[in-house]
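First the structure, in the form of structure tokens, and then the observations on it.
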């Protein structure tokens, strides 16, 4: 089985650069059952002309060749030139002992998309944010 990670233009991503994950191999199915001769137009785009299958997942290879999968492409939240990976952020949030579950949901506002993480104890969350990040309740830039 072969795996590659590509940019939107089809070029291979550099190490630690996030892109779309493609797979190819001897045992990869050639198409969807009962659609090999007359494929559904949506399924036709699942394979590149040279036989790579688009998993519709995004991730990257690190410097040791380990593949990191962050989630589904359809789950990415984009705003302007900013890209947010909710699956990765949800996993990071639940690693904290005070957070049991996390769900990132885009809620579009005029200036910026807000996110929700379920129904946390707001006082506890504010106190922990102040302890961990020095958060004071002010809006921070997307780079933080």
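In our numbering, the protein residues as written are 42 to 185.
C-beta: ideal position from N, C-alpha, C; glycine also.
With contacts defined by Cβ atoms closer than 9 Å, residue 59 and residue 95 do not form a contacting pair.
Taken in chain order, the complete beta strand (DSSP E) segments of 3 or more residues contained in the region 82-150 are 94-102, 108-113, 118-120, 123-125.
By the Cβ test, the region 123-134 is in contact with the region 95-114, since at least three Cβ pairs between them sit closer than 8 Å. Beyond the five residues adjoining it in sequence on each side, residue 139 comes within less than 6 Å, by CB distance, of 169 in the same chain, given in chain order.
Under DSSP, residue 43 shares a beta bridge with 65.
The beta carbon of residue 93 is closer than 6 Å to those of 63, 65 in its chain, skipping five residues each way along the sequence.
With a cutoff of 9 Å on beta-carbon distance, residue 46 and residue 102 are scored as near each other. Remark: C-beta atoms of residue 88 and residue 100 do not approach each other more closely than 9 Å. Rounded to whole angstroms, the separation of the alpha carbons of residue 98 and residue 171 is 34 Å. Per DSSP, the beta-bridge partners of residue 60 are 100.
Restricting attention to 57, 51, 69, the CA atom closest to the CA of residue 42 is found in 69.
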